[in-house]
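In the UniProt record's numbering, the protein residues as written are 1 to 316.
We put the beta carbon where it would ideally sit given N, CA and C, even for glycine.
Below: one structure, written as structure tokens.
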């Protein structure tokens, strides 16, 4: 007999969340409940018409509503967070409330309702700064984040690990690199495009432009999260890096934005001498993705291709 999997997606109206929900609805074997407080007023799910999709306007800090809404769930995809890394320094309480406290409430609701599976989207920023341009595996340590956002994600990981052990929950922690694509509302690419629209004569990069990261297109990211869930089996706490197989510099992203917007040989790129774009920035990160590759997943497009496609989607 055909059985639909009941999944509960927190933050399903966010950038990653809305794409993930869209992907799940295309698979036809999921009964999906989105739980989101719609702090971002734009409804990114309005175009999805699916009888197996229920949307609840709810906050993870509303404990009673959360416990009632999660009943009967097979798997939780915990994607909700305050995700502005740079702004998290000044929005510390908001970041912690929407991270650590919200995750505690979610785990308590799972325990009360005997929900046994959770997939959590963490971040590469839990690793903090690394030396000698090493490729970082999931076993890397010590984990010393340098941003409030990274610290919040690491605290959530620790809670999930403890609840996993104490209450026999199966958990997957996905440490995401820079995820990009349509529906973005912040980040280096979004900022470059908007800045060029306002003034194409000069594009300023925060820092020296040599900062290097892996950039993964959202289409590849949502498939990786789903593969991570399917491949977990009965492992109690599995940690997986999700990233592209290469990196790209901030300067190269600026050059691509200029090219895609038709300003090549017109726009001057301005940089500073600082390795860091801001306090809490990590200049270089490259993740080892061999473990997620073992889950039968590979990115379909490299970092440069992902950047180009994202700019085209923003401009469309």
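Residue 243 counts as buried, since at least 16 other C-beta atoms from the protein chains shown sit within 10 angstroms of its C-beta. At the C-beta level, residue 178 and residue 213 come within 8 Å of one another. Only exposed fits residue 202, as fewer than 16 other CB atoms lie within 10 angstroms of its CB. In the DSSP assignment, residue 186 falls outside any alpha helix (DSSP H) and carries neither an H nor an E. Every alpha helix (DSSP H) stretch that sits fully inside the region 242-287 and reaches 4 residues is listed by chain position as 250-260. Counting along the chain, residue 54 sits inside the beta strand (DSSP E) bounded by residues 53-57. Look at residue 49 here: in three-state DSSP terms it is coil, with no helix or strand label. Secondary structure at residue 296: coil, using DSSP grouped into helix, strand and coil. The residue among 6, 122, 230 and 274 with its C-alpha nearest the C-alpha of residue 250 is 274.
Counted as a single uninterrupted DSSP element, the beta strand (DSSP E) harbouring residue 215 occupies residues 215-217. When the Cα atoms are used, residue 238 and residue 40 turn out to be separated by approximately 31 Å. In the same chain as residue 313, and ignoring 5 residues on each side of it, the C-beta atoms closer than 6 Å to its own belong to 182, in chain order.
Remark: C-beta atoms of residue 18 and residue 45 approach each other more closely than 8 Å. Around the beta-carbon of residue 236, fewer than 16 other beta-carbon atoms lie within 10 Å, marking it exposed. The beta carbon of residue 289 lies closer than 6 Å to those of 241 and 243 in the same chain, with the five residues before and after it left out.
Look at residue 178 here: in three-state DSSP terms it is strand. Looking at the DSSP output, residue 144 bridges to 128. Counting every other CB atom within 10 Å of its CB across the protein chains shown gives residue 98 a total of 16 or more, marking it as buried. Using a Cβ distance threshold of 8 Å, residue 279 and residue 89 count as a contacting pair. Remark: C-beta atoms of residue 66 and residue 107 do not approach each other more closely than 8 Å. About 6 Å separates the Cβ atoms of residue 232 and residue 170, confirming a contact at the 8 Å cut-off. Taking C-alpha positions only, residue 149 is separated from residue 9 by approximately 20 Å.
Within the model, the alpha-carbon separation for residue 105 versus residue 70 is close to 12 Å. With contacts defined by Cβ atoms closer than 8 Å, residue 253 and residue 189 form a contacting pair. Residue 165 sits exposed, since fewer than 16 C-beta atoms from the chains shown fall within 10 Å of its C-beta.
For residue 96, no beta strand (DSSP E) run applies; the uninterrupted alpha helix (DSSP H) run containing it begins and ends at 92-96, by DSSP.
Taking C-beta atoms as the reference points, residue 196 and residue 110 fail to come closer than 8 Å. Judged by DSSP secondary structure, residue 115 falls outside any beta strand (DSSP E); it is assigned neither H nor E.
Per DSSP, reduced to three states, the secondary structure at residue 73 is coil, with no helix or strand assignment. The beta carbon of residue 96 sits closer than 7 Å to those of 152, all from its chain and outside the five residues before and after it, given in chain order. DSSP places residue 31 within a strand segment (E or B) once states are collapsed to three.
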